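Student:
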Amino acid sequence: MTRVLVVDDEPQIVRALRINLKARGYEVDAAPDGRTALDLAARRHPDVILLDLGLPDMDGTEVIRGLRGWLSAPIIVLSARRESDDKVEALDAGADDYVTKPFGMAELLARLRAAVRRAAPVEEAPVVRTEAFSVDLAAKRVERNGRDVRLTPTEWHILELLVRNPGRLVGQQQLLQEVWGPTYVKETNYLRVYMAQLRRKLEDDPSHPRHLITAPGIGYRFEM
1 MTRVLVVDDE PQIVRALRIN LKARGYEVDA APDGRTALDL AARRHPDVIL LDLGLPDMDG
61 TEVIRGLRGW LSAPIIVLSA RRESDDKVEA LDAGADDYVT KPFGMAELLA RLRAAVRRAA
121 PVEEAPVVRT EAFSVDLAAK RVERNGRDVR LTPTEWHILE LLVRNPGRLV GQQQLLQEVW
181 GPTYVKETNY LRVYMAQLRR KLEDDPSHPR HLITAPGIGY RFEM
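So that you can map any letter, position 117 of the sequence shown is 117 in UniProt numbering, and since no number is skipped, the others follow by simple counting.
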């Protein structure tokens, strides 16, 4: 049974989540603040965490950093903060997804199921296929319409990072740091240029991409 840790100081939200999650077979623990959340996570080992950023004793991003030192379970942020800077900071700290309050319960449950699926230990497929192209991760080879696609080392590095995290939003700063290094974390124009090049090479309709998706101001996501 999947164990969910709900971290929120709003009793109405905690109650609604507890009822809906338990009705669908989840085990639920709840924490009203960051310190309790860290303690419960250490004792109960949740499979997924739903975390509010506005906690009474510490910011939610501090909780994420504290958890990411030892816990790999997916973290879905639930927050009323709508600014892209807050979303970027949470994702760079280690969150897997970001849901803005107020949220629809059906959408949240779908995101939770997707996060749990992605976290499940599976053998990595050596070849990832979409309707438009395929990526051979072992051979570092991309094919489209039966022909090899020539990618630069930088294009390959970006594509590989996204393909290895299917369905997961990868933050701009994470991509910039891993591809170019820590001194380039603000050079978001680099990503725009290279993502445009990748879409021209791989997408059937680069202006309306189906597989290399942009979350404006936040990051990018690979969809199969």
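Note that beta-carbon positions come from the ideal geometry of N, C-alpha and C, so glycine has one too. Predicted model only: the values in this text are computed from it and were never measured.
What residue range is occupied by the uninterrupted beta strand (DSSP E) comprising E27?
Tutor: For the purposes of this step, residue 27 is taken as the residue at position 27 of the sequence shown. Start and end: E27 to A31.
Student: Return helix, strand or coil for G60, following the three-state DSSP convention.
Tutor: What you label residue 60 is simply residue 60 of the sequence shown in a count that begins at 1. Note: G60 maps to helix in three-state DSSP.
Student: Taking the runs of the beta strand (DSSP E) that are 3 residues or longer, which of them lie wholly in the UniProt DNA-binding region "OmpR/PhoB-type" (125 to 224)?
Tutor: Counting whole runs of 3 or more residues, the UniProt DNA-binding region "OmpR/PhoB-type" (125 to 224) contains the beta strand (DSSP E) stretches 127 to 129, 134 to 136, 141 to 144, 212 to 215 and 219 to 222.
Student: I need the DSSP call for G34, collapsed to helix, strand or coil.
Tutor: Translated into the one-based positions of the sequence shown, residue 34 becomes position 34. Helix, per DSSP.
Student: Taking the DSSP output, what are the residues bridged to R3?
Tutor: As a first step, residue 3 is located in the sequence shown; it is residue number 3 there, counting from the start. According to DSSP, R3 bridges with E27.
Student: Which two residues bound the contiguous beta strand (DSSP E) that contains R78?
Tutor: Looking up residue 78 in the sequence shown gives position 78. Before going further, note that residue 78 is Leu rather than Arg in the sequence given. Note, L78: beta strand (DSSP E), I75 to S79.
Student: Whose C-beta lies closer than 8 angstroms to the C-beta of E178 among residues of the same chain, with five residues either side of it excluded?
Tutor: Reading the sequence shown from its first residue, position 178 is the one you call residue 178. Hits under 8 angstroms: H157 and L161.
Student: Cα separation between Q213 and Y184?
Tutor: Residue numbering aside, residue 213 sits at position 213 when the sequence shown is read from its first letter. Residue numbering aside, residue 184 sits at position 184 when the sequence shown is read from its first letter. Per the sequence presented here, residue 213 reads as Ile, with Gln not at that position. Taking the straight line joining both Cα atoms gives about 22 angstroms.
Student: Thinking C-beta only, is A37 closer than 9 angstroms to V14?
Tutor: Along the sequence shown, one-based indexing puts residue 14 at 14. Along the sequence shown, one-based indexing puts residue 37 at 37. Cβ atoms of V14 and A37: not closer than 9 angstroms.
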